[in-house]
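Residue numbers for the sequence shown follow the working numbering, beginning at 2 and rising by one.
Even glycine gets a Cβ: it sits at the ideal position worked out from N, Cα and C.
Heads up: the structure comes next, in structure tokens.
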Amino acid sequence: MGLFRKSPEERLLAEAVKFAGQQLRPSAQGGGGGVETRWRGASRVLRSMASWVPGLGSPRRDLNTPERATLVARSRDAMRNHLIARAAIVRNRTSVVGTGLICRPQVDWEALGIDEEEGERLNAQLEREWTLWAENPLECDAEATLNHYQLQALALVSALVGGDAFATTPDIERPGTLYSTRIQLIETDRVSNPHGMPDSTNLVNGVEFDAHGAPVAFHICTGYPGEPVAGQPLEWQRIPVFGAETGRRRVLQIWCDKDRPGQKRGAPYLAPVLEPLQKLERYSSAELMAAIISAMFTVFLKKGEAFEQGNLPLSALGDGMGGHDALDQPPVELGEGAVVDLAPGEEPVIANPARPNAQFDPFFTSIVKEIGAALELPMEELMLYYSSSYSAARAGMLQAWRAYQMRRWWLVCDFCQPSYELLIDEAVARGRIRAPGYSDPARRRAYTRAIWIGPARGAIDELKEANAAGKRIEIGVSNETIEAAAMTGETWQQIYRQRKRELDQRRRDGLSNAPPQPEEPPQPAEE
2 MGLFRKSPEE RLLAEAVKFA GQQLRPSAQG GGGGVETRWR GASRVLRSMA SWVPGLGSPR
62 RDLNTPERAT LVARSRDAMR NHLIARAAIV RNRTSVVGTG LICRPQVDWE ALGIDEEEGE
122 RLNAQLEREW TLWAENPLEC DAEATLNHYQ LQALALVSAL VGGDAFATTP DIERPGTLYS
182 TRIQLIETDR VSNPHGMPDS TNLVNGVEFD AHGAPVAFHI CTGYPGEPVA GQPLEWQRIP
242 VFGAETGRRR VLQIWCDKDR PGQKRGAPYL APVLEPLQKL ERYSSAELMA AIISAMFTVF
302 LKKGEAFEQG NLPLSALGDG MGGHDALDQP PVELGEGAVV DLAPGEEPVI ANPARPNAQF
362 DPFFTSIVKE IGAALELPME ELMLYYSSSY SAARAGMLQA WRAYQMRRWW LVCDFCQPSY
422 ELLIDEAVAR GRIRAPGYSD PARRRAYTRA IWIGPARGAI DELKEANAAG KRIEIGVSNE
482 TIEAAAMTGE TWQQIYRQRK RELDQRRRDG LSNAPPQPEE PPQPAEE
């Protein structure tokens, strides 16, 4: 027995091996299942998770220049050719901007040390100057094509499709204009590293930034990279974010979304759903083609032994002009109501693709719902198909409205408010607006405060919405300013002043102060 007795060193080694084996043995954690991690989502043993091994990367690595260029190109193609993709983009354009976000100056009269009446006069003067500039393409657009409200829509669409868009603010003098401040919209791919040079520590995809990550300049190509105009070589201009002498904004970056700290460029709005969009488009096109074929009298010609090869060429749908064979025989085109003479040895065989497919609509609708959820657009809003109940349709509209409001706020912060501040800067400098102490940053902020009013939310049943608004005001949880903006897109003061003018006009003309109220129809009982 003594021959097999282990030494203390051997016993210690055996215990160590046993302990290590116990540590490496998979244990049931997080509800069982035999995984080796406390979080099942971190497991590398489960079959569903074994092949999912993403790497950790910086914003620069996870949205690198080549992949971003591919996303932008595919997003533009989807916008051109995919029905669902285009619907998502134009739905945002119509609901976020519509006919334009209207600027309503709201100077902080208390901070400026003036009374409210003087503040209202200043607001009216600021609004007149803004209207003169914003409604005239010669004043606001460097291309002299669009007014500011149209530029808002174009900037939003460009940012959604490309991930971001840019606007420079050159000073251009033109005959017959009051101001020289212009807006020059620039697409996302024109902002890039000069001559395709790789990224560096302070330059990423055309964005030059300081040690804190703040952009200091943008490198903008004179054309589109890879597309020289008339044989002229492309050049890159380095445009500082702020003017060296005036400190005014010279470049605006209009974001689609910024998902991570340190991110310098945006990803397209459609980037997360490009794959299902492409598959759904192919599936929909295939079903449509199958339905077209099914609508034809579709046959295959079965050739017997007596059939001479190459006698009758066949064109199923006749998309092109068709060719003739060596015997100058026209091709056989099968179509609606066609009667075809068969050659000796040919036998018709009916081909029925069984279309339309009864399962197409439920499957298509299910995928569209998933795409809409990723884009924050309920299916009813995305497809403009309100076939459900009033409550469900209203809930979908409200959810979409939250997304529209958020995107509208981003557009105001990135594009509209900076444009307004640039105009007021020039108006004060030219003496068209009297603003004492404007050089003080705090007073400048008080002078340039404004609210931006866009298209109203809309209502499915306007009577119910109006009654609900009145009830909210009555019980004190809302006010006329909030309800007026939500229902009409205008400020309460604007509505009040117009209403007062109408009533005064009626009184002067000897008419009733209020038009007769129509009788309210009986409401059906709700189930």
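Counted within 10 angstroms of its Cβ, other Cβ atoms place residue i as buried (16 or more) or exposed
| i | result |
| --- | --- |
| residue 127 | buried |
| residue 293 | exposed |
| residue 168 | buried |
| residue 415 | buried |
| residue 239 | exposed |
| residue 369 | buried |
| residue 46 | exposed |
| residue 265 | buried |
| residue 499 | exposed |
| residue 435 | exposed |
| residue 409 | buried |
| residue 463 | exposed |
| residue 254 | buried |
| residue 7 | exposed |
| residue 190 | buried |
| residue 134 | buried |
| residue 364 | exposed |
| residue 108 | buried |
| residue 230 | exposed |
Neighbour flag for residue i against chain C, beta carbons, 9 Å
| i | result |
| --- | --- |
| residue 389 | Here chain C cannot be found, since the structure has a single protein chain. |
Residue i - containing beta strand (DSSP E), residue span
| i | result |
| --- | --- |
| residue 169 | 165–169 |
| residue 253 | 252–256 |
| residue 208 | 208–210 |
| residue 241 | 237–241 |
| residue 218 | 216–222 |
| residue 141 | Premise fails: residue 141 lies in the alpha helix (DSSP H), 138–141, not in any beta strand (DSSP E). |
| residue 453 | 451–454 |
| residue 106 | 103–106 |
| residue 187 | 185–187 |
Bounding residues of the alpha helix (DSSP H) (the contiguous stretch that carries residue i)
| i | result |
| --- | --- |
| residue 377 | No alpha helix (DSSP H) holds residue 377; DSSP gives it neither H nor E. |
| residue 129 | 117–135 |
| residue 499 | 493–509 |
| residue 67 | 66–82 |
| residue 473 | 463–476 |
| residue 402 | 391–412 |
| residue 418 | 418–430 |
| residue 279 | 275–296 |
| residue 113 | 110–113 |
| residue 448 | 442–448 |
Chain-order list of residues whose beta-carbon lies under 6 Å from that of residue i (same chain, five-residue window excluded)
| i | result |
| --- | --- |
| residue 589 | Here the chain covers residues 2 to 528 and nothing more, so residue 589 does not appear. |
| residue 150 | 101 |
| residue 33 | Only weak support exists for where residue 33 lies, its pLDDT of 49 falling under 50; the value from the coordinates is given anyway. Excluding residues within five positions, none has a Cβ falling inside 6 Å. |
Contacting residues, own chain, Cβ-Cβ under 7 Å from residue i (five flanking each side not counted)
| i | result |
| --- | --- |
| residue 94 | 154, 157, 158 |
| residue 282 | 83 |
| residue 256 | 160, 165, 267, 411, 415 |
| residue 1 | Because residue 1 is not part of the residues shown, which for the chain are 2 to 528, the question remains open. |
Residue i Cβ short of 8 Å to the ligand NAP heavy atom set
| i | result |
| --- | --- |
| residue 155 | Within the structure as shown, the ligand NAP is missing, as the structure has no ligands at all. |
Nonlocal neighbours in the same chain, by C-beta distance under 8 Å from residue i, ignoring five residues either side
| i | result |
| --- | --- |
| residue 73 | 162, 163, 164, 189, 190, 269 |
| residue 226 | 190, 191, 193, 197, 235 |
| residue 276 | none |
>> Whether or not the stretch 142–161 and the stretch 180–193 are in contact is what I'm after, with contact meaning three or more pairs of Cβ atoms, one per stretch, closer than 8 Å; do they touch?
In response: With a cut-off of 8 Å, the stretch 142–161 and the stretch 180–193 count as touching, because enough Cβ pairs lie within range.
> Counting pairs of Cβ atoms below 8 Å between the stretch 375–382 and the stretch 111–122, do you hit three or more?
Replying inline: With the rule of 3 Cβ pairs closer than 8 Å, the stretch 375–382 does not count as touching the stretch 111–122.
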